[in-house]
Amino acid sequence: MIDVAMGTVFARRIAAAALILTLAVLSALTAHKTHKPFSPFAPDFRTQGPADAKVLMVEFSDFECPACRYAEKPLHDLLALYKGHIRFVFKHYPLRMHERARPAAIAAECAGRQGRFWEYHDRLYDRQEEWTNDKAEMMLAGYASDLKLDMDAWQACRRDPALPALLEAELRDGNNAWVGSTPTFFINGKRFVGFQQLRERGTLFVEKELKR
Amino acid sequence: MTRKEHAALASRLAVGAVLIYAGSSKAAGPVEEFAYILAAYDVLPKDFLLPAAAFLPWIELLLGWSLILGYQTRLAAAAAGALFAGFLAALASTILRGISLPNCGCFGESLHFTPAQAFFMDLCLLILCGFGFQMGHGPASLDSWSERGL
Numbered sequence: 001m002i003d004v005a006m007g008t009v010f011a012r013r014i015a016a017a018a019l020i021l022t023l024a025v026l027s028a029l030t031a032h033k034t035h036k037p038f039s040p041f042a043p044d045f046r047t048q049g050p051a052d053a054k055v056l057m058v059e060f061s062d063f064e065c066p067a068c069r070y071a072e073k074p075l076h077d078l079l080a081l082y083k084g085h086i087r088f089v090f091k092h093y094p095l096r097m098h099e100r101a102r103p104a105a106i107a108a109e110c111a112g113r114q115g116r117f118w119e120y121h122d123r124l125y126d127r128q129e130e131w132t133n134d135k136a137e138m139m140l141a142g143y144a145s146d147l148k149l150d151m152d153a154w155q156a157c158r159r160d161p162a163l164p165a166l167l168e169a170e171l172r173d174g175n176n177a178w179v180g181s182t183p184t185f186f187i188n189g190k191r192f193v194g195f196q197q198l199r200e201r202g203t204l205f206v207e208k209e210l211k212r
Numbered sequence: 001m002t003r004k005e006h007a008a009l010a011s012r013l014a015v016g017a018v019l020i021y022a023g024s025s026k027a028a029g030p031v032e033e034f035a036y037i038l039a040a041y042d043v044l045p046k047d048f049l050l051p052a053a054a055f056l057p058w059i060e061l062l063l064g065w066s067l068i069l070g071y072q073t074r075l076a077a078a079a080a081g082a083l084f085a086g087f088l089a090a091l092a093s094t095i096l097r098g099i100s101l102p103n104c105g106c107f108g109e110s111l112h113f114t115p116a117q118a119f120f121m122d123l124c125l126l127i128l129c130g131f132g133f134q135m136g137h138g139p140a141s142l143d144s145w146s147e148r149g150l
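These protein sequences, in sequence, are chains A and B.
Final position of the first sequence in my numbering is 212; the numbers increase by one with none missing.
Final position of the second sequence in my numbering is 150; the numbers increase by one with none missing.
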């Protein structure tokens, strides 16, 4: 009689444990449903490397983010090491907490329309401490002038209503890919968050992808 | 059920709900993202970051559901309490070492708390776990349902 009762207790405990496990998996799956694919598309001036490269690397970045600046060195090293083998795409992901990241992204985009995106991009990161303050407007215009951009066209471009919409679309892409921190890199779809993950595991992963 | 048992049930449900929300937000998201936030705390060796980021959300989910449904209630309350004590220690160490965390990473990307807010929340949850542990399971629990087999 006691054995039967003990058996019932044991069976109920097992059933309860199975219920807990099932609910845990279901709650993670429910949350996972909000994960959508993202578009790796960006204008040509924000891409580097051959279109048919075996490795596609997409970076979601914010010009005002210090971690994105630190990532520049390992990123350049990686791209230089595998030059010709990687297609690199830069995507804007200006974080809400960085109030000057959007104007900077638009300024870089307008430099891109004059074929000078990468020079402007490098300058924004190299001199990040110089423009991430009240002098932003003056410094952004100064960099454009230093690069000998057509200033009238550059200023007109910054007023283009299509650009905020483009930033919103890229933010949506990032949100679909669950980008939460910048910089986030996707190498053939595999995620690397921050320069440390890129430096420590990125090269090995690219190597592995190239050998496939 | 006495008033104290109602309070214990409410504590269990509150802690369980927070753990389920935190665990599902992180378990559903990319493990690298959570590993990146764990790295910012600078309390775990590099090699443990990815396994910890993959493992921790599932612990939270299992403990959360155990508390809500009252399965192994005291054990779950003790384990959840230990988890919150660990979070408090990690947060305190970042504050003492002057490490600035952009957000606590408690809820993945769904909710951003500052370290101070997270510290206060974890402290409240630790107290609720202590109360839940002291009270054990009430009649509205899987533990009680299992024991009725005797």
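Where a beta carbon is used, it is the ideal one built from N, C-alpha and C, also for glycine.
Note that the structure is predicted; figures quoted are calculated from it, not measured.
Residues that residue i contacts on chain B, provided the C-beta gap is smaller than 7 Å
i: Q196 of chain A; result: A39
i: S61 of chain A; result: Correct list: empty, because the minimum Cβ distance to chain B is about 14 Å.
i: L23 of chain A; result: W65
i: A28 of chain A; result: S24, A27, A28, L61
i: I20 of chain A; result: L62, W65, S66, L69, Y71
i: R13 of chain A; result: S146
Length of the line joining the Cα atoms of residue i and residue j
i: L19 of chain B; j: G136 of chain B; result: 18 Å
i: V55 of chain A; j: S146 of chain B; result: 55 Å
i: R158 of chain A; j: D152 of chain A; result: 10 Å
i: G108 of chain B; j: A31 of chain A; result: 11 Å
i: R199 of chain A; j: Y70 of chain A; result: 11 Å
i: F119 of chain B; j: Y41 of chain B; result: 14 Å
i: Q114 of chain A; j: G86 of chain B; result: 53 Å
i: W118 of chain A; j: L124 of chain A; result: 10 Å
i: Y120 of chain A; j: L167 of chain A; result: 17 Å
i: A78 of chain B; j: C65 of chain A; result: 40 Å
i: A144 of chain A; j: P40 of chain A; result: 27 Å
i: R148 of chain B; j: A16 of chain A; result: 13 Å
i: W295 of chain A; j: M1 of chain B; result: This structure does not reach residue 295 of chain A, given that chain A is present from 1 up to 212, and the question cannot be answered.
Residue i burial status per 10 Å Cβ neighbour count (16 or more: buried)
i: S14 of chain A; result: The amino acid occupying residue 14 of chain A in the given sequence is Ile; Ser does not appear at that position. Exposed: under 16 other Cβ atoms inside 10 Å.
i: L150 of chain B; result: With a pLDDT of 49 at L150 of chain B, under the threshold of 50, the modelled position of this residue cannot be trusted, and the question is left open.
i: P43 of chain A; result: exposed
i: F63 of chain A; result: buried
i: R151 of chain B; result: This structure cannot speak to residue 151 of chain B, because chain B is shown only from 1 to 150.
i: V193 of chain A; result: buried
i: A18 of chain A; result: exposed
i: N103 of chain B; result: buried
i: P161 of chain A; result: exposed
Beta carbon of residue i nearer than 8 Å to that of residue j
i: P57 of chain B; j: A27 of chain B; result: yes
i: L79 of chain A; j: Q128 of chain A; result: no
i: M97 of chain A; j: F185 of chain A; result: no
i: I68 of chain B; j: L13 of chain B; result: yes
i: G170 of chain B; j: G81 of chain B; result: Here chain B covers residues 1 to 150 and nothing more, so residue 170 of chain B does not appear.
i: K83 of chain A; j: E59 of chain A; result: no
Neighbour list for residue i in chain A, Cβ cutoff strictly below 7 Å
i: L101 of chain B; result: The premise fails here: L101 of chain B is roughly 11 Å from chain A at the closest Cβ pair, so nothing lies under 7 Å.
i: L142 of chain B; result: A16
Amino acids of chain B, ordered along the chain, whose beta-carbon sits closer than 9 Å to that of residue i
i: H32 of chain A; result: S24, A27, A28, G29
Under 8 Å from the C-beta of residue i: neighbouring residues of chain B
i: S39 of chain A; result: Simply none; closest approach about 18 Å.
Beta carbons nearer than 9 Å to chain B: which residues of the segment 172-198 of chain A have them? N175, A177, W178, V179, G180, S181, T184, K190, R191, F192, V193, G194, Q196, Q197
Can you list, in chain order, the residues of the segment 57-81 of chain B whose Cβ is nearer than 7 Å to any Cβ on chain A? W58, L61, L62, W65, S66, L69, Y71
Could you list the residues in the segment 6-39 of chain B with a C-beta less than 8 Å from some C-beta on chain A, going in chain order? I20, G23, S24, S25, A27, A28, G29, P30, E32, E33, A35, Y36, I37, A39
Check each residue of the segment 137-167 of chain A: if its Cβ is closer than 9 Å to any Cβ of chain B, include it; give the result in chain order. none
Any C-beta of chain B within less than 8 Å: which residues of the segment 88-102 of chain A qualify? M97
Output, in sequence order along the chain, the residues in the segment 122-134 of chain B whose CB is closer than 9 Å to any CB in chain A. none
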